[in-house]
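Notes follow the structure.
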Amino acid sequence: MSAYKNLSIRQKQILWAWIFLAVPTLFYVVIRFYPTGAAFVTSFQDWNLLGARTWTGMDNYVKLWNDPVFWKVFRNTFAYLLLGTPVSLVISFVIAYHLDKTRFMHGFLRMLYFLPFMTSAVAMAWVWRWFYQPVPIGLFNNMLASIGIPQIEFLNSTTNALPSVLAPAVWAGLGFQIIIFMAGLRAIPVSYYEAARIDGVGWWTVLTRITLPLLKPTIVFIVVFSSIGFLRIFDHVFNMTTNNPGGPLNSTKPLVLMIYETAFSSFDMGYAAAQTVVLFVILLLVSLFQLWILRGDNT
Amino acid sequence: MTIASEASGQTHANTDSLFSRKANKQRNMGQVLRWMVLFLGGVIMIAPIVYMISTSLKWPHEVYNVNLIPEEPTIENYTYVLEDGRFYGWFVNSIIIALITTASNLFFDSLVGYTLCKFRFPGRQIVFIAILSTLMIPTEMLVIPWYMMSQSFGWLDSYWGIMFPGLMTAFGTFLMKQFFESVPDFCKVVSLNSLLEPTDRSSHNIAYAITYNACVFLICHARDCRVMNFNL
Amino acid sequence: MLKQLKRMALGGVAAAATLIGSSAWAVEIEYWQYFFDARVEAMEQLIERFQEANPDITVKMTHFPYADYRTKVAAAIPAGEGPDVVQLFYGWLNDYIEADLIQPLPKDVFDPAKIDSEFFPMVQAMKKDGTYYALPTAVRSLALFYNTRLFDEAGIEAPPATLDELVDTAKKLTKLDGAGNITQVGITTGMNAQDHHWWREVLVRQFGGDPYGNDYQTVNYNNEAGLDALNFYVGLEKDHKVTQSGFMDEPQAAFKGGRAGMHIDGSFRIGSLNKVRGLKWGVAELPAGPDGKKSNYSSYWVNGITTKAEGEKYDAAVKFLDFLTSDEAMQVWLDVVGELPAKPSVGLVEKNANDPTYGPFIRGLEYANTTKFANESAQRQALMDMVARIDIEGQDPTESLNAAAAEEQKILDEYYGK
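This is the structure in structure tokens:
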């Protein structure tokens, strides 16, 4: 007891910090890092879930490097990232910006935008899948047909399918990003805006000189997390293309779906583990790159 | 109360006499337009959900018709789900799992987030990066080891076996740390009083953060658990 | 330590149970299958009957979602837990034997010569080195479903008996809207559903080919016959315009929705079609090929005894499996699940073979082939991509066929370790 009393405030702080962190540290080590290590080990093995594991060295990685499907999937994964992240960022900011300035039935409007996020991704992917069908059952194509525009093959096309699958994923995540943006907008002290108003500064200047710079932590947060989300996209793709997962001709297949198929329909666990290692490295590099680009003084 | 005071702060604080009635009218028109556009966007946002509800009221033979209003509405699908009986079990499962993981997340994630934000100690940055890096570990990488783990601990076929991977999340930790950062010093600002009646923006923010986090976790966990069920 | 405590506690409970319980010395064996309503119901009935006949044995059934099934089995058996009798897809047999999960069936009860003669021939795929490892209760085959209301409407009297008739019939059933979009297809298509089986085991053979050589280890459809079969298949959409791939999302949905005249599907579809209100349909054998050749595809799930079953549990497991492959069990399975009996002695009895619904499927079993898949979903994908390349990218059929053959050969080589 007296030993504790003799500690300096700084030392006490260190002690308490580690007391608080003891259980969580144990948790993360056992539940997250140990299995990750196990997956790294598996990636150097051949294992079909049933039999014994055999060591194969780098074989799984060599196979991956030479697999044309992997490179296709690799490009798709980045297409989801590079289309999805900026599009959802811009849309959610525009909505949040205006929603923040709206008082009349504010809660109701906010609910409309938030609702899709709360709904099951699986059910929604199926609804969207119906929307995209050709006539007679597809809503979009029926609308096009009724105004005399030829049908568009949304899903049964190697060029349109990826954006078509991405749209519901953006739609579903929008509500969450809007809420985060609004929390960020509210955290900006009103005094900045008042000062700007007194100076008679236009809204564009207010937006680019005050709002956006002060929103930087929020933007970093959304960019990093939505990037991780798009790099790990699975639910929407899988449920919208169950007839031909990731198809047609692998044009919508993201890395996670490839992992899922390798592991749970081909039962090639070693190869699947090698793919997860690659995904892990991609996620890590992309996130670090973004944090480095977006790093700033005001985080 | 808060909203009213904010509204007056934002729209009527400007007492500058330079604004004529005409300018005010223009501003109001702008507001109405903005509201209309936002409302329209909101309607588009929920259209798929409305369609889902409409489909749930259709007979199987009508499901593929694109009309929004069912020709012969039926609640047969609902009675089927409710009479089938298994739905209650699933629902109870979801609720139990959601409540426990939410409580655990709120406690541990805010504890870790707070510690990482407000304490200075050796290893702080490493712990933070380590926790954050778990976000980049694909779940697919973990499910098989998790299954083996539950098996060796005898957790198979139990709530615990489903819940243990989600008791703490890096996402929640990051979110809490981020929110604590926007507060100069948590202890000074938050008194019970200020929580109940938010007076300035930062204390309001904490109440906001906590309520939202509760909701967000509940939702995220309902989703995560579904994914887990699917995989395990 | 904890484990020991748990074991002690469990032992205590077990002891108490045996003291109190009436069936004091009953053997309990565990049975696993994947979850599908009708299968579970049928198995419950079978277990009940079995336990009545064998009061000293209790069977506990556990079922899992299909997606998790293999993972669970793989994790449990090596750990000495899980099933004594297990259900598996016929295509998984080699994996299960190699992983030491199932043991050979005893020859005194399951005499190979007797099984050879009693079961439909494709069951012989379950035999390895002269011993059977697993046996089915029921099998599935393909047939042509047709919508009787649409047939009447178009004035068609009988379902098509040949491929040429199939095209003609389909033309009469196809409807277009003003803009030329198809609103009702003559016949559904989709390699993702059952068409890949139809193409592989039926069409290729009917056009004079043999889809695989060397006991399904070598692809053999990249030739004239394969090309004819492929041209016929894609011609339905491209030349005859009687179908559209992906029409109404899924072939079976289009048929259920009454917007498809004909639909090729498996016997397992019967149950769900019966539930569709207002849909009137009939079943016919698959149309014969240009020279009258008939062919069909059959698949099945089998039951095996796991390596975990020993001693009295093993004896009980043998008895249970013997019951599951009896004529009685097969009739129950047909009545409840709608899957076809695996023995002609049950299938070809008057009542079943002439049944208007099951008859065409059962008659199809006599000339059915079973593909020995190395990786069914990957092999299916190769054929799906083959058609998609022609449909979407306009690739030349010959090129696409050769690419698919190469792709599938790669999958086979990898599996057979070449």
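Chains as they are written, first to last, in this note's numbering: chain H, 1 to 299; chain G, 1001 to 1232; chain W, 2001 to 2418. Beta carbons are placed, not taken as given, at the ideal position from N, Cα and C, and that holds for glycine.
Proximal chain G residues relative to residue i, where beta-carbon distance stays under 8 Å
| i | result |
| --- | --- |
| residue 13/H | 1119, 1120, 1121 |
| residue 2040/W | Near residue 2040/W there are no residues of chain G at all, since even the closest Cβ is about 12 Å away, more than 8 Å. |
Where the beta strand (DSSP E) containing residue i begins and where it ends
| i | result |
| --- | --- |
| residue 2303/W | 2296–2306 |
| residue 2265/W | 2260–2266 |
| residue 157/H | No beta strand (DSSP E) contains residue 157/H, which DSSP labels as neither H nor E. |
| residue 2136/W | 2134–2147 |
| residue 2183/W | 2182–2187 |
| residue 2286/W | Looking at the DSSP string, residue 2286/W is not in any beta strand (DSSP E), and its letter there is neither H nor E. |
| residue 2029/W | 2027–2034 |
Amino acids of chain H, ordered along the chain, whose beta-carbon sits closer than 7 Å to that of residue i
| i | result |
| --- | --- |
| residue 2250/W | 243 |
Buried versus exposed, by CB contacts within 10 Å (16 or more), residue i
| i | result |
| --- | --- |
| residue 1095/G | exposed |
| residue 2124/W | exposed |
| residue 148/H | exposed |
| residue 283/H | buried |
| residue 1120/G | exposed |
| residue 2132/W | buried |
| residue 132/H | buried |
| residue 141/H | buried |
| residue 2226/W | buried |
| residue 289/H | exposed |
| residue 2406/W | exposed |
| residue 1043/G | exposed |
| residue 2080/W | exposed |
| residue 2204/W | buried |
Listed by chain order, chain H residues near residue i by CB distance under 9 Å
| i | result |
| --- | --- |
| residue 2108/W | Neighbours of residue 2108/W on chain H: none; closest Cβ ~28 Å, over 9 Å. |
| residue 2220/W | Going along chain H, no residue has its Cβ under 9 Å from residue 2220/W, so there is no contact; the nearest lies around 23 Å. |
Span of the alpha helix (DSSP H), counted from its first residue to its last, around residue i
| i | result |
| --- | --- |
| residue 271/H | 269–293 |
| residue 1110/G | 1086–1118 |
| residue 2419/W | No information on residue 2419/W is available, as it lies outside the stretch 2001 to 2418 that chain W covers here. |
| residue 2430/W | Any answer about residue 2430/W is impossible in this case: the structure gives chain W only from 2001 up to 2418. |
| residue 106/H | 106–118 |
| residue 2402/W | 2397–2415 |
| residue 2248/W | That residue, residue 2248/W, is in no alpha helix (DSSP H); it is neither H nor E in DSSP. |
| residue 2216/W | It is not in any alpha helix (DSSP H) - residue 2216/W carries neither H nor E in the DSSP assignment. |
| residue 2331/W | 2327–2336 |
| residue 2359/W | 2359–2365 |
Distance between beta carbons of residue j and residue i, contact taken as under 8 Å
| i | j | result |
| --- | --- | --- |
| residue 175/H | residue 212/H | That belief does not hold up - the Cβ atoms of residue 175/H and residue 212/H are roughly 22 Å apart, past 8 Å. |
| residue 2358/W | residue 2334/W | 7 Å |
| residue 85/H | residue 227/H | 5 Å |
| residue 274/H | residue 43/H | 4 Å |
| residue 2308/W | residue 2047/W | No, residue 2308/W and residue 2047/W are not in contact; Cβ-Cβ is about 19 Å, not under 8 Å. |
Among the options, nearest to residue i - alpha-carbon criterion
| i | options | result |
| --- | --- | --- |
| residue 1102/G | 1029/G, 1166/G, 1177/G, 1170/G | 1166/G |
| residue 107/H | 207/H, 234/H, 179/H | 179/H |
| residue 39/H | 1131/G, 1151/G, 1144/G, 1164/G | 1144/G |
| residue 2362/W | 2091/W, 2138/W, 2152/W | 2138/W |
| residue 1140/G | 7/H, 82/H, 256/H, 19/H | 256/H |
| residue 1233/G | 1076/G, 1171/G, 1091/G, 1035/G | The displayed coordinates of chain G run from 1001 to 1232. Any statement about residue 1233/G would go beyond what the structure contains. |
| residue 166/H | 230/H, 197/H, 182/H | 230/H |
| residue 2224/W | 2214/W, 2215/W, 2209/W, 2234/W | 2209/W |
| residue 2183/W | 2260/W, 2079/W, 2375/W | 2260/W |
| residue 2365/W | 2035/W, 2339/W, 2242/W | 2339/W |
| residue 2408/W | 2156/W, 2057/W, 2384/W | 2384/W |
| residue 1053/G | 126/H, 53/H, 105/H, 244/H | 126/H |
| residue 1027/G | 4/H, 91/H, 129/H, 101/H | 101/H |
Proximal chain G residues relative to residue i, where beta-carbon distance stays under 9 Å
| i | result |
| --- | --- |
| residue 2189/W | Chain G residues near residue 2189/W: none, gap ~18 Å exceeds 9 Å. |
| residue 259/H | 1138, 1140, 1141 |
Interface partners of residue i on chain W, CB under 8 Å
| i | result |
| --- | --- |
| residue 1059/G | 2277 |
| residue 1148/G | 2075 |
Where residue i meets chain H, residues with beta-carbon distance less than 8 Å
| i | result |
| --- | --- |
| residue 2101/W | 50 |
Per-residue contacts from residue i into chain W (C-beta, under 9 Å)
| i | result |
| --- | --- |
| residue 62/H | Within 9 Å Cβ-Cβ: nothing; residue 62/H doesn't reach chain W, min ~14 Å. |
| residue 75/H | What residue 75/H touches in chain W: nothing, since even the nearest Cβ is about 17 Å away. |
Amino acids of chain G, ordered along the chain, whose beta-carbon sits closer than 7 Å to that of residue i
| i | result |
| --- | --- |
| residue 70/H | The contacting residues do not exist; residue 70/H stays about 15 Å from chain G at best. |
| residue 123/H | 1052 |
| residue 237/H | By Cβ distance, chain G contributes nothing, its closest Cβ being about 14 Å from residue 237/H, past 7 Å. |
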